[in-house]
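In what follows, a single structure is set out as structure tokens and then discussed.
Chains as they are written, first to last, in this note's numbering: chain A, 4 to 310; chain B, 14 to 307.
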């Protein structure tokens, strides 16, 4: 018992420290979380559900799902490719590449939106008028297709966009801004994991005559699946919750370019607090789900590592 | 040299990774820097000479440093308790530490405003305390202004509100940097110190704490870097009064809204410059930490 005494504090000190840590976590983490739900239900369930079933909320949810639906698969693909590259090979500039992957973490969300306005805005490097000129041949093709094909509706939409190719202040801008801010998440999870696992199993598979894709599907992927899942979850949580970058590129056109976080801002600024918090509960639940999955994944992968 | 090609796929992964990185990140950032460089020297001086930009710069960096500092103190306490003690609910609290990472910033912003604002669970107490201070001591000057604001609005619409939001954002960076280092700390050195007659406080101060310093500095820098660029969780609670509670990212947005693309690019490029230097420092510190943990 003397051993225990030497490396821990006396009981009163321990109790005081635990209570202070609990106070800190309650003030900064738990209260804000409870606050979301308490404010959302302040004016009753009816207001709560009305806010969630409103048309503007629906279109915001839809756009949020589209933005995440494009950016998460793209960045997952990138994460796999980048992690494969920097963990399976040694080459010049490898360390620099790893630092560059982290770059978006150091960029303010506002700047992540600003860069796209500098490129695709009216005064940018590739303004809509210039894009329209470039895309004119494609637009003509799409128009012809719209006239001929049975599924003309789709081509009509494409032709319409090609004739006036808006990126910022429209859905494409929201999507690329989301891609920018969620860029490193999957790669960041995979690189340390694959580095620690080494390439021994893959090299063994090569000597047995397996092709590159086969090695990836049958050897690498089963080894990294939990880390990959966690990276995808984090990427998705950020994609659905991103505010600053999409706010800058959205132009605040309600019902057209509002994602869920932007819709919350609009409601809040219109003093519809309960409605704003009602929509916020969706994102808070997503955050809780992500944290829960994280603990779960950690426990499962921890077990499989011990086996 | 042939060793690196044992596993197939080098060309494909190299091509895709570089192309995607360039298209999404490098070229857009280069365009921003070129735009900022294209703005004349005189205009650069005008922008950074303007009182509004100066006030926002001071506010952003000052409060980010202060909040990162508080995050370090609170993070050290929280990590110590999470790593060293066993008590009911510990696992859940450990998972909750990541909440500021997972909770969208806009949601954090409105809920912090609700709680720390005048009618909020904590804000109402802040307002009451400030009213009492105002009535009792009648403070003047900068502090008097702050107390007036606290009494009228709680922590919202003042530097205090921004400070709280930035601490909320920074806390998990410190805890998650410190946690692995603290877990790997062997108890042997503490036992050795104890056998030599050191009391518990001395052991912490002279033996444990020095080993934690690199991780604490890394955590501080991470929290600081994140706080400088933070937008969503701050703008609701800050009230966005020019010269008083306007942060740099918001200033960029307001320049954009006035179609002043040049000055938005200049402010953004300067912020990016600072962030990249911080990222570089973090990389160096991280390498040292990895070496220490080996």
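Virtual Cβ for every residue (Gly too), placed ideally from N, Cα, C.
Exercise for review: Output, in sequence order along the chain, the residues in the stretch 106-121 of chain A whose CB is closer than 8 Å to any CB in chain B.
Suggested key: 106, 107, 108, 109, 110, 111, 112, 113, 114, 117, 118, 119, 120, 121
Review point. In or out: residue 192 (chain B) buried (at least 16 other Cβ within 10 Å) or exposed?
Key: Start at 1 with the first residue of the second chain, and residue 192 (chain B) comes out as number 179. Label assigned to residue 192 (chain B): buried.
Review point. Does the beta carbon of residue 273 (chain B) sit closer than 8 Å to a beta carbon anywhere in chain A?
Key: For the purposes of this step, residue 273 (chain B) is identified with residue 260 of the second chain, where counting begins at 1. No, its Cβ sits nowhere closer than 8 Å to a Cβ of chain A.
Check your understanding: From what residue to what residue does the alpha helix (DSSP H) around residue 31 (chain B) run?
Key -> Taking the second chain and counting its residues from 1, the one referred to as residue 31 (chain B) is at position 18. 23-34 is the extent of the alpha helix (DSSP H) around residue 31 (chain B).
Exercise for review: Kindly indicate which residue of B:302, B:234, B:114, B:199 has the alpha-carbon position closest to the one of residue 246 (chain B).
Suggested key: Indexing the second chain from 1 puts residue 246 (chain B) at position 233. For residue 246 (chain B), the nearest C-alpha among the options comes from B:114.
Review point. Skipping 5 residues on each side, what residues in its chain have a beta carbon closer than 8 Å to that of residue 205 (chain A)?
Key: Taking the first chain and counting its residues from 1, one reaches residue 205 (chain A) at position 202. 91, 218, 222, 223.
Check your understanding: Taking Cβ positions only, does residue 62 (chain A) come closer than 8 Å to chain B?
Key -> Position 59 of the first chain, counting from 1, holds the residue named residue 62 (chain A). Not one chain B Cβ lies under 8 Å of residue 62 (chain A).
Practice item. Quick one: using the 10 Å Cβ neighbour count with 16 as the cut-off for buried, is residue 222 (chain B) buried or exposed? Key: On the second chain, position 209 is the one that residue 222 (chain B) refers to. Exposed.
Point to revise | Other residues of its chain near residue 300 (chain A): CB distance less than 7 Å, five sequence neighbours each side excluded | key: Along the first chain, one-based indexing puts residue 300 (chain A) at 297. For residue 300 (chain A), where only same-chain residues beyond five positions count, the Cβ hits under 7 Å are 229, 232, 233.
Practice item. For residue 96 (chain A), name the three-state secondary structure that DSSP assigns. Key: Residue numbering aside, residue 96 (chain A) sits at position 93 when the first chain is read from its first letter. DSSP places residue 96 (chain A) in coil when its eight states are reduced to three.
Review point. Which of the three DSSP states, helix, strand or coil, is assigned to residue 88 (chain B)?
Key: As a working mapping, residue 88 (chain B) is identified with position 75 in the second chain. Residue 88 (chain B): helix per DSSP, three-state reduction.
**Study point:** Those residues which DSSP pairs with residue 130 (chain B) across a bridge
**Key:** Position 117 of the second chain, counted from the first residue, corresponds to residue 130 (chain B). DSSP lists B:167 as partners of residue 130 (chain B).
Practice item. Can you tell me which of A:269, A:39, A:212 puts its alpha carbon nearest to the alpha carbon of residue 121 (chain B)? Key: The sequence position of residue 121 (chain B) within the second chain is 108, counting from 1. Comparing Cα-Cα distances from residue 121 (chain B) to each of A:269, A:39, A:212, the minimum goes to A:39.
Check your understanding: Does the Cβ of residue 290 (chain B) have 16 or more other Cβ atoms within 10 Å, making it buried, or fewer, making it exposed?
Key -> Taking the second chain and counting its residues from 1, one reaches residue 290 (chain B) at position 277. Residue 290 (chain B) should be labelled exposed.
Review point. Does residue 11 (chain A) get closer than 8 Å to chain B when you measure Cβ to Cβ?
Key: Taking the first residue of the first chain as 1, we reach residue 11 (chain A) at position 8. For residue 11 (chain A), the answer is yes, since a Cβ of chain B falls inside 8 Å of its Cβ.
Review point. Which of helix, strand or coil does DSSP assign to residue 209 (chain B)?
Key: If you number the second chain from 1, residue 209 (chain B) lands on position 196. Three-state result, residue 209 (chain B): coil.
Check your understanding: Terminal residues of the continuous alpha helix (DSSP H) containing residue 126 (chain A)?
Key -> As a first step, residue 126 (chain A) must be located in the first chain, where it is residue number 123. Unbroken run through residue 126 (chain A): none, as it is neither H nor E.
Point to revise | Where residue 128 (chain A) meets chain B, residues with beta-carbon distance less than 8 Å | key: Numbered from its first residue, the first chain carries residue 128 (chain A) at position 125. Chain B residues near residue 128 (chain A): 44.
Exercise for review: Show which residues of chain A have a CB atom less than 9 Å away from the CB atom of residue 131 (chain B).
Suggested key: Along the second chain, one-based indexing puts residue 131 (chain B) at 118. The contacting residues do not exist; residue 131 (chain B) stays about 14 Å from chain A at best.
Practice item. Determine the direct distance from the alpha carbon of residue 103 (chain B) to that of residue 33 (chain A), and round the result to whole angstroms. Key: Position 30 of the first chain, counting from 1, holds the residue named residue 33 (chain A). Position 90 of the second chain, counting from 1, holds the residue named residue 103 (chain B). Approximately 14 Å between the Cα atoms of the pair.
Check your understanding: So, is residue 201 (chain B) buried or exposed, given that buried needs 16 or more other C-beta atoms within 10 angstroms?
Key -> Counted from its first residue, the second chain places residue 201 (chain B) at position 188. The residue is exposed, with fewer than 16 neighbouring Cβ atoms inside 10 Å.
Review point. According to a CB-to-CB cut-off of less than 7 Å, which residues of the stretch 77-94 of chain A neighbour chain B?
Key: 81, 84, 85, 87, 88, 91, 92, 93, 94
Check your understanding: Listed from N- to C-terminal order along the chain, which residues in the stretch 198-218 of chain B have their beta-carbon within a distance smaller than 8 Å of any beta-carbon of chain A?
Key -> 200, 203, 204, 207, 208, 213
Exercise for review: Quick one: list the residues of chain A neighbouring residue 33 (chain B), beta-carbon separation under 7 Å, in chain order.
Suggested key: In the second chain, residue 33 (chain B) corresponds to position 20, counting from 1. 81, listed in chain order.
**Study point:** Distance, residue 163 (chain B) Cα to residue 140 (chain B) Cα
**Key:** Counting from one through the second chain, the residue named residue 140 (chain B) turns up at place 127. Counting from one through the second chain, the residue named residue 163 (chain B) turns up at place 150. In a straight line, the C-alpha of residue 140 (chain B) is about 5 Å away from that of residue 163 (chain B).
Point to revise | Own chain residues within Cβ distance below 8 Å of residue 4 (chain A), not counting five before or after | key: The residue given as residue 4 (chain A) occupies position 1 in the first chain. Residue placement at residue 4 (chain A) cannot be trusted, given a pLDDT of 40 that sits under 50; what the coordinates show is reported in the next sentence. Closer than 8 Å at the Cβ level, and outside the excluded window around residue 4 (chain A), lies no residue.
Review point. Near residue 165 (chain A), which residues of its chain fall below 7 Å by C-beta distance, leaving aside the five closest residues on each side in sequence?
Key: Counting from 1 along the first chain, the entry for residue 165 (chain A) is found at position 162. The residues are 138, 141, 142, 145.
Check your understanding: So which residues of chain B does residue 202 (chain A) contact, with C-beta pairs closer than 9 Å?
Key -> Translated into positions along the first chain, residue 202 (chain A) becomes position 199. 19, 20, listed in chain order.
Check your understanding: Contact check, residue 63 (chain A) vs residue 262 (chain A) under 8 Å by CB: the rounded distance?
Key -> Taking the first chain and counting its residues from 1, the one referred to as residue 63 (chain A) is at position 60. Taking the first chain and counting its residues from 1, the one referred to as residue 262 (chain A) is at position 259. Between residue 262 (chain A) and residue 63 (chain A) the Cβ distance is about 6 Å, and since that is below 8 Å, they are a contact.
Check your understanding: Quick one: is residue 26 (chain B) buried, meaning 16 or more other Cβ sit within 10 Å of its Cβ, or exposed?
Key -> Within the second chain, residue 26 (chain B) is the residue found at index 13, counting from 1. Residue 26 (chain B) comes out buried.
Exercise for review: Say whether chain B places a C-beta atom closer than 8 Å to the C-beta of residue 287 (chain A).
Suggested key: For the purposes of this step, residue 287 (chain A) is taken as residue 284 along the first chain, with counting starting at 1. By this cut-off, residue 287 (chain A) is an interface position.
Check your understanding: Skipping 5 residues on each side, what residues in its chain have a beta carbon closer than 6 Å to that of residue 175 (chain B)?
Key -> Taking the first residue of the second chain as 1, we reach residue 175 (chain B) at position 162. Contacts found: 76, 247, 251.
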